[in-house]
Every structure is written in structure tokens, then in C-alpha cells.
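Trainee: Residue numbering for the sequence shown follows the numbering used here, beginning at 7 and increasing consecutively.
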Amino acid sequence: MADSNGSVLIGVDGGGSGCRAAVACEPGSVRGEGSGGSANFSTDPDGTIENVRVAIFSACAQAGIDPAVLEACGVAHVGLAGVMDDGDAARVAARLPIADCVVTDDRPTAVAGALGGGDGYVIAAGTGSFVARSVGGEAGFVGGWGLRIGDEASAAWIGRALISRVLHCADGLYPHSELTERILSEFESTTTGVVRFSLKATPFDYGAHAPKVVEAAKAGDANGLDLMRAGAAYLVQALKALGFAPGARLCAMGGIGGAFVDYLPGDITANMVTAQGSPLDGAMVLAAQRAGKAGVA
7 MADSNGSVLI GVDGGGSGCR AAVACEPGSV RGEGSGGSAN FSTDPDGTIE
57 NVRVAIFSAC AQAGIDPAVL EACGVAHVGL AGVMDDGDAA RVAARLPIAD
107 CVVTDDRPTA VAGALGGGDG YVIAAGTGSF VARSVGGEAG FVGGWGLRIG
157 DEASAAWIGR ALISRVLHCA DGLYPHSELT ERILSEFEST TTGVVRFSLK
207 ATPFDYGAHA PKVVEAAKAG DANGLDLMRA GAAYLVQALK ALGFAPGARL
257 CAMGGIGGAF VDYLPGDITA NMVTAQGSPL DGAMVLAAQR AGKAGVA
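1. Residue 265 by DSSP, collapsed to three states: which one?
2. With distances taken between CB atoms, is the gap from residue 107 to residue 82 smaller than 7 Å?
3. Count the other C-beta atoms from every protein chain shown that fall within 10 angstroms of the C-beta of residue 227, then say buried if there are 16 or more, exposed otherwise.
4. Have a look at residue 102 and residue 128 and give me their C-alpha separation to the nearest angstrom.
5. Assuming residue 203 is part of the alpha helix (DSSP H), what are its boundary residues?
6. Expressed to the nearest angstrom, what Euclidean distance is found between the alpha-carbon atoms of residue 232 and residue 155?
7. Are the Cβ atoms of residue 109 and residue 99 separated by less than 7 Å?
8. Excluding sequence positions up to five away, which residues of its chain have a Cβ less than 6 Å from the Cβ of residue 40?
9. Distance, Cα to Cα, residue 3 vs residue 160?
10. On the criterion of 16 or more Cβ atoms from any shown chain inside 10 Å, does residue 271 qualify as buried, or is it exposed?
11. Which runs of the alpha helix (DSSP H) at least 4 residues long sit entirely within the segment 43–67? Give them in chain order.
12. Hey, how far is the Cα of residue 184 from the Cα of residue 262?
13. Count the other C-beta atoms from every protein chain shown that fall within 10 angstroms of the C-beta of residue 16, then say buried if there are 16 or more, exposed otherwise.
14. What is the DSSP secondary structure of residue 26, reduced to helix, strand or coil?
15. Within 10 angstroms of the Cβ of residue 297, are there 16 or more other Cβ atoms? Answer buried if so, exposed if not.
16. Given 8 Å as the limit, is there contact between the segment 141–155 and the segment 196–207, that is, 3 or more CB pairs closer than that?
17. Measuring alpha carbon to alpha carbon, tell me which residue in 251, 265, 202 and 73 is nearest residue 222.
18. Tell me, which residues are paired with residue 110 by DSSP?
19. Assign residue 72 to one of three DSSP states: helix, strand, or coil.
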């Protein structure tokens, strides 16, 4: 089944923890949703593609749409973690039975969802991070490079900075505070324990410490404040690099994104807005825009 313009809209949001898909034919029609397994293309290309297919077919089943029509009239936007370039995108698109399929990394879908397809800026800070601009349908990005070489102001970055600060305090470079003393005690009060943790720590392991920094900073802890202010300074720099001007819409999203708002200048936060939708909603917005039906979400 397809709408009067002959297209079925498909949106996909995929990451390491799983993927979700949605399908719809027209504004107000049944929107079917489905899910699949992990979908990080850089770590498991074949598994990602198969899980995306599962999610799409599941969404079609819920909406009562025959998947066979997707090859003739499907219009999709697929946002996946780990898509690094046009070659990756083409590889995914070639294996999905969809007539018109755009594949990107997962940043554009997150931005479109947060801003509802409109203009504005986004701070996205979860385990990883990026900062984005969307103006006139054109997007620009800063960051999103991963913890090894970036992801400043992410939960993983804040957590790793905390671990480093504990060692710096032990070396006498900064005074200990309640926060750093508590973290050191979690590693049996030895720097050796801290270093051993760092040798095996993943971004998720580091990110688990970020809430401790947020709460300590709220309580006035000197080291917690330093780390939150450092993350906020990076976010201001990134926004300015993207052309942010006072009064522009700004949305902070992700598990730690909103925690930085109190540390940003007032001219940056003057027009804060809440996220209008999820990355899956954003994928549907982008699919609708490609199909010429901007009212579908």
C-alpha cells in the first residue's frame, strides 16, 4: 500500500544498542514501528544491515504495508552510527530493498528530530558528543569523532577527565576535593587502582562517572566545577565555529547535554528549546522532506 503520491516513507535510527524503524504512507496514516539488534556499521557492517532489514520489515508488518512495495516506491532516510563516508552509505543502501534510500551517520537524524526539521543549533552530549547547526535545510557539524580523538563535553570525556583529575590531585597539581577523594577511595585509595581501571575502560565505563561530576559541581565542588566549565567552554567554541548568533534556537539533548546549560553564557541560552522529537522522528522528517511531504513525521 502506498499513498496518492506513490511513496512509502521509511525512517531508521541505528546505534550500538539497537536500531528502530518507522514506516508511513501519508500524514495521519498508520505509522508502523519495528526494532532490531545492534546497528553500528563500523564495528559490524553485515550485522548492522541485517538488523536494519529486520527492523524495517517489522515496521511494515505493524503498519500493514507489503515490504515488496518498498522496492518500487520506498523513500527512506537511514541514520546509522559508524557510517564514515559515502562508500559506507552506498554499501548499506545497496542492500536495502528501497527505491530511494539515503544513508548517513546518526547525527542528521538526531538534529532533525530535535529541531523538528527547522532551523537552530543542537548540543548532543551522551556517551559521545557533537554540536550541530541546521539552517535552511543544510546541516553543519563539529565533533562526533569518538573518545580517542574527541567527543569533548560528552559523558565519556567528562568521566575520563575526572579520572585524570584524580591522578593530578595525587601528584599535587590540584588540591583534592570531596569528589576526587571519593573517586580515589573507589579504587582502594591507590593510584595503581586508577591506572589499572584506565587500561581497560571503555567510553561507557568512563561515562558512568559523569553523573558524579554533575552532582558534585551542583554542590560547589571545585574540581567538579572545573570539569563542567571546561566542557562548557568547548561547547561555546563549537557553537561559535558553526556561526551561532545570540537569539538562535538551541536544543541540548543526550544524557549529559542539559547539564551544561547552567555553565553556558546567557546570550547562548537565551532561546533554549526542548527537543521536539527523537532521532527516529528525525529520520521520518528527512524521508518526508526527500519525498516532498514535509508534514510527515
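All C-beta atoms in this analysis are idealised placements derived from N, C-alpha and C, irrespective of residue type, glycine included.
Mentor: Looking at the coordinates:
1. Note: residue 265 maps to helix in three-state DSSP.
2. Contact: yes.
3. With 16 or more Cβ atoms within 10 Å of its Cβ, residue 227 is classed as buried.
4. When only Cα atoms are considered, residue 102 and residue 128 end up about 30 Å apart.
5. Taken as a continuous stretch (DSSP letters only), the alpha helix (DSSP H) holding residue 203 covers 197–206.
6. Cα atoms of residue 232 and residue 155: separation of roughly 21 Å, rounded to the nearest angstrom.
7. Contact flag set, yes.
8. Cβ-Cβ distances below 6 Å link residue 40 to 27, 61, 64 and 65 in the same chain, with the five nearest sequence neighbours on each side left out; the list follows chain order.
9. With the chain represented from 7 up to 303, any question about residue 3 goes unanswered, as that position is not in the structure.
10. With fewer than 16 other Cβ atoms within 10 Å, it is exposed.
11. Listed in chain order, there is nothing to give.
12. If I take the Cα positions, the gap works out to 21 Å.
13. Buried, by the Cβ-count rule.
14. In the three-state scheme derived from DSSP, where H, G and I count as helix and E and B as strand, residue 26 is classed as strand.
15. Residue 297 counts as buried, since at least 16 other C-beta atoms from the protein chains shown sit within 10 angstroms of its C-beta.
16. By the Cβ criterion, the segment 141–155 is not in contact with the segment 196–207, since fewer than three pairs of Cβ atoms, one from each stretch, lie closer than 8 Å.
17. Closest by C-alpha distance to residue 222, out of 251, 265, 202 and 73, is 265.
18. Paired residues: 85.
19. In this structure, residue 72 counts as coil in the three-state DSSP scheme.
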